[in-house]
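Q: First to last, the sequence lines map onto chains G and E.
For the first sequence, the residue numbers in the working numbering are -16 to 72.
For the second sequence, the residue numbers in the working numbering are -16 to 72.
Starting off with a structure, shown below.
2 protein chains.
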Amino acid sequence: MGKATLFRSERMMAGLNCFEPGQEHALHAHEGMDKVYHVLAGEGVFLLEDAEVPMSAGVLLAAPEGVPHGIRNTGQGRLLVLAILAPAP
Amino acid sequence: MGKATLFRSERMMAGLNCFEPGQEHALHAHEGMDKVYHVLAGEGVFLLEDAEVPMSAGVLLAAPEGVPHGIRNTGQGRLLVLAILAPAP
């Protein structure tokens, strides 16, 4: 999984997360931090404890603090996601 | 200018800002808040005190705290922008 930071302050970090086909960011949660994902390209699923939500370009997903979430690339190409975290980790 | 909130917590607000042709959000600044814009559709300019930056789909722009910024729709159609503010206003 590749990461690139686009903007960072104490309050916010915006960056790109890039998943190769089959790559997965396993279920995890953050205390005191909210995250929004905006899917830019590719196909995947947003993993929740009891559900999987399809990801494709244009989809916006939120992971509020304490909510376990993950991402899996289920497509044939790269899955590119804009991730915005507040506050910055 | 139309606004719609997509996600909101104390730490972050993510929403859509929609500008009709010719509409403008004049130069303004926020203390203690950072903002990131992701252009989804349309054409416009990102206004700074001493520059104007072209806006089109895919462009990401940051307005850190204290930096005067604005947006003007210079296109023939709607300018749609994902705006993420931290913390939420």
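Cβ coordinates follow ideal geometry from the N, Cα and C atoms, glycine included.
Source: prediction; values computed, not measured.
Just to check my reading of the structure: L31(E) and P51(E) have Cβ atoms closer than 8 angstroms, yes? What is that Cβ distance to the nearest angstrom?
A: Looking up residue 31(E) in the second sequence gives position 48. Looking up residue 51(E) in the second sequence gives position 68. Yes, L31(E) and P51(E) are in contact; Cβ-Cβ is about 7 angstroms, under 8 angstroms.
Q: Please confirm whether H8(G) and I54(G) have their CB atoms less than 7 angstroms apart.
A: Mapped onto the first sequence, residue 8(G) falls at position 25. Mapped onto the first sequence, residue 54(G) falls at position 71. Result yes, Cβ atoms of H8(G) and I54(G) sit closer than 7 angstroms.
Q: For A12(G), does the three-state DSSP call read helix, strand or coil?
A: Position 29 of the first sequence, counted from the start, is the residue given in the question as residue 12(G). If DSSP states are grouped into helix, strand and coil, A12(G) belongs with coil.
Q: Leaving aside the five residues before and after D33(G) along the sequence, list all residues of the same chain whose C-beta is less than 6 angstroms from its C-beta, in chain order.
A: Mapped onto the first sequence, residue 33(G) falls at position 50. Answer for D33(G): no residue qualifies.
Q: Let me know if K18(G) comes out buried or exposed under the rule of 16 or more other beta-carbons within 10 Å of its beta-carbon.
A: Residue numbering aside, residue 18(G) sits at position 35 when the first sequence is read from its first letter. Flag for K18(G) reads buried.
Q: Are the stretch -16 to -6 of chain E and the stretch 20 to 29 of chain G touching by the rule of at least three beta carbon pairs closer than 8 angstroms?
A: Flag = no, the stretch -16 to -6 of chain E and the stretch 20 to 29 of chain G do not touch.
Q: Taking the C-alpha atoms as reference points, what is the distance between G27(G) and S39(G)?
A: Here residue 27(G) corresponds to residue number 44 of the first sequence, with the count starting at 1. Here residue 39(G) corresponds to residue number 56 of the first sequence, with the count starting at 1. Near 7 angstroms, if we compare the C-alpha coordinates of S39(G) and G27(G).
Q: Taking Cβ-Cβ distances below 7 angstroms as the criterion, which residues of the stretch 53 to 68 of chain E are in contact with chain G?
A: The residues in question are L65, I67.
Q: Starting from the beta carbon of M(-5)(G), find every residue of chain E whose beta carbon is closer than 8 angstroms, and list them in chain order.
A: In the first sequence, the residue the question calls residue -5(G) occupies position 12. In chain order: M(-5), D17, V19, I67, A69.
Q: Counting along the chain, where does the beta strand (DSSP E) carrying R(-9)(G) start and finish?
A: Mapped onto the first sequence, residue -9(G) falls at position 8. Note, R(-9)(G): beta strand (DSSP E), -15 to -9.
Q: If we cut at 7 angstroms on Cβ distances, does A24(E) have a partner in chain G?
A: What you label residue 24(E) is simply residue 41 of the second sequence in a count that begins at 1. No, A24(E) lies away from the interface with chain G (no Cβ there is under 7 angstroms from its Cβ).
Q: Does S(-8)(G) get closer than 7 angstroms to chain E when you measure Cβ to Cβ?
A: As a first step, residue -8(G) must be located in the first sequence, where it is residue number 9. True, the Cβ-Cβ gap to chain E drops below 7 angstroms.
Q: Answer with yes or no whether the minimum CB distance from L44(G) to chain E is below 7 angstroms.
A: For this step, residue 44(G) is matched to residue 61 along the first sequence. Not an interface residue.
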